[in-house]
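Notes follow once the structure below has been shown.
Protein chains: 2
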Amino acid sequence: MTISMYQASVPRLVNLLGNLSGILDKAQAHVDQGQADLATLMNYRLFPDMFPFSKQVQIACDKARSVVARLAGMEVPYYEDDETTLAELKVRIARSVAFIGSIPPERIDGTEDKDIVLPVAGQETHYKGMQLLLGHSMPNVYFHATTAYNMLRQNGVPIGKRDFLGKP
Amino acid sequence: MTISMYQASVPRLVNLLGNLSGILDKAQAHVDQGQADLATLMNYRLFPDMFPFSKQVQIACDKARSVVARLAGMEVPYYEDDETTLAELKVRIARSVAFIGSIPPERIDGTEDKDIVLPVAGQETHYKGMQLLLGHSMPNVYFHATTAYNMLRQNGVPIGKRDFLGKP
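Read top to bottom, the protein sequences are chains A and B.
First residue of the first sequence? That's 812 in my numbering, and the numbers climb one at a time after it.
First residue of the second sequence? That's 812 in my numbering, and the numbers climb one at a time after it.
Structure (structure tokens):
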């Protein structure tokens, strides 16, 4: 027995993005209770030259859609980066989850060695399917989702690691 | 073709921790150049009730050793949480990488369905091997490594996502 490419991607990404959506619910409640300002949260940065919160969520969604689409040989659905509210970010997450969940296992299984070319920092970068998934895409999605979490945490949103991990 | 439990764990964790060690080098250079205070960095928190930077690195290492040891049916090597410098944290990372890298693939492969019981928040939690690896341990390690990265980033250490991702 081994792990299929599908098992290592779709359910993991769906879980991670679902947990992120739950974290956004807690951020929304924090805003609704007058504990934080919505625009401040959306534009919050940990350092001046770092992407703001909204962009962290956008990239987490985009990297997740991108990897499953590329493995499955489908076009990556493009979404405008125009969300200004947590509710809109939740819609982006939901749309991403719906797309990711719609891909049947047989489109993704067996793509371990598939050649995939990706623009990384403006350069064509060549990957094999497994290397793209485990070495580039999953770390990227975790990176941006954790950074979004940390930004909310720093703003006092009452969240903990359990919200991030959810149910394994 | 599929992914083996070894491929999804050991090389990924070794890569992630190696990248974290490189990030600590950049933090050390920042300190050496008088741009940051060592003790301030080591004890830095994003929020008062959150673990400090040093603990984030410690947990990233511990979760990484823990999952491969448990999958392999070995005792988890315990390290004291007594590091007060970046150099000492780098030693913890190096020891963890050496342990993780020392486990032969055949000890980890085939553990997808292995029953593993873990204390989570004081409660015995039952996992299957693959679920533990993909749903608990990898997210945990990425979570703490990214949080350590974000803390350094907020303190002006000149690092970027490429330092975090390294070579896939």
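Note that CB positions come from ideal geometry on N, CA and C, so glycine has one too.
Could you work out which residues of chain A lie near residue i, taking near to mean beta carbons separated by less than 8 angstroms?
i: B:H947; result: L976 and P979
i: B:A819; result: I814, A819 and L945
Run down chain B in chain order and give the residues with a C-beta less than 8 angstroms from the C-beta of residue i.
i: A:Q965; result: L857 and F858
i: A:R823; result: L945 and G946
i: A:K972; result: N951 and F954
Leaving out the 5 sequence neighbours to the left and right, which residues in its chain are closer than 8 angstroms to residue i when beta-carbon positions are compared?
i: B:I927; result: R881, L882, H937, Y938, K939, G940 and L943
i: B:I834; result: A959, Y960, L963, V968, I970, D974 and F975
i: B:P930; result: T936
i: B:E886; result: A880
i: B:F864; result: L852, M853, N854, Y855, R856, A959, M962 and L963
i: B:A847; result: A838, H841, N966, G967 and V968
i: B:K978; result: N826
Compute the beta-carbon to beta-carbon distance between residue i and residue j, rounded to the nearest angstrom, for a pair I have assumed lies under 8 angstroms.
i: B:R875; j: B:S907; result: Arg is not the amino acid found at residue 875 of chain B; the sequence shown has Ala there. At roughly 6 angstroms, the Cβ-Cβ gap stays under 8 angstroms, so B:A875 and B:S907 are in contact.
i: A:N961; j: B:T895; result: Actually they are not in contact, since the Cβ atoms of A:N961 and B:T895 sit about 24 angstroms apart, beyond 8 angstroms.
i: B:G946; j: A:N826; result: 7 angstroms
i: A:L849; j: A:L897; result: 7 angstroms
i: A:A819; j: B:A819; result: 6 angstroms
Looking at residue i: is its Cβ nearer than 8 angstroms to the Cβ of residue j?
i: A:V952; j: A:L824; result: yes
i: B:D920; j: B:M853; result: no
i: B:H955; j: B:A871; result: yes
i: A:Q869; j: A:D892; result: yes
i: B:V821; j: B:I904; result: no
i: B:E923; j: A:I814; result: yes
i: A:S948; j: A:V878; result: yes
i: A:Y855; j: A:N966; result: yes
For a contact defined as C-beta to C-beta under 7 angstroms, what are the partners of residue i on chain A?
i: B:F864; result: Per Cβ cutoff of 7 angstroms: no residues; B:F864 is ~12 angstroms from chain A at best.
i: B:T958; result: T957 and N961
Take residue i and list the residues in its own chain whose beta-carbon comes closer than 7 angstroms to its own, dropping the five residues that flank it on each side.
i: B:R964; result: I970
i: B:K901; result: S832 and L835
i: B:G845; result: none
Run through chain A and tell me which residues come within less than 9 angstroms of residue i, C-beta to C-beta.
i: B:M885; result: Those do not exist, as B:M885 stays about 21 angstroms from chain A at its closest Cβ, beyond 9 angstroms.
Give me, in chain order, the residues of the same chain whose beta-carbon lies closer than 6 angstroms to that of residue i; leave out the 5 immediate sequence neighbours on both sides.
i: A:D860; result: none
i: B:R918; result: A883
i: B:I914; result: V879 and A883
i: B:P916; result: Y817
i: B:F862; result: none
Would a check of beta-carbon distances place residue i closer than 8 angstroms to chain C?
i: B:P969; result: Annotation note: the requested chain C is absent from the structure, which comprises protein chains A and B.
Query raised in the report: the stretch 924-941 of chain B: which residues have C-beta closer than 8 angstroms to a C-beta of chain A, in chain order?
Result: D924, A932, Y938 and M941
Query raised in the report: Which residues, in order along the stretch 829-856 of chain B, keep a beta-carbon less than 7 angstroms from a beta-carbon of chain A?
Result: Here the close residues number zero.
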